[in-house]
Amino acid sequence: MDKIKRRTLLIHSDTTMEESMQKLNDTAEQILFVTDGNDKLLGTVTDGDIRRDSINGFKFSYEIGKITLREKSEQVLPKLFSLRVIR
């Protein structure tokens, strides 16, 4: 996967659930990589994570980093680099 495509899948931890869902829709992917203010990888969020959280009562105005990080960065890096390249 090229750097430009990878960059489109990054979101900051203070991004709202609503903004995250919009980005998932815009990129046509099922996963986003959540970073902190220093661009350090914190984890991932998927459309399924957001769907489950909304069913469990979380509001779309909530920050994604506070509610949906389920994987540690050591588990995420291999996924990031294994994504298909879109040309």
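The opening residue of the sequence shown carries number -5 in my numbering; numbering runs sequentially from there.
Positions of the beta carbon are idealized from the N, C-alpha and C atoms, including for glycine.
Source: prediction; values computed, not measured.
Suppose contacts are defined by Cβ-Cβ distances below 7 Å. Is residue i in contact with residue j by that definition?
i: I61; j: D41; result: no
i: T29; j: L4; result: yes
i: T9; j: S55; result: no
i: S7; j: L26; result: no
i: M15; j: I44; result: yes
Taking the continuous alpha helix (DSSP H) assigned at residue i, which residues delimit it?
i: G37; result: No alpha helix (DSSP H) contains G37, which is instead part of the beta strand (DSSP E) from L35 to T40.
i: T9; result: That residue, T9, is in no alpha helix (DSSP H); it is neither H nor E in DSSP.
i: G59; result: I58 to I61
For residue i, which of the options has the nearest alpha-carbon?
i: Q24; options: N50, T38 and G31; result: T38
i: F52; options: R1, E12, G31 and T2; result: E12
Can you give me the start and stop residues for the beta strand (DSSP E) that residue i sits inside?
i: F27; result: I25 to T29
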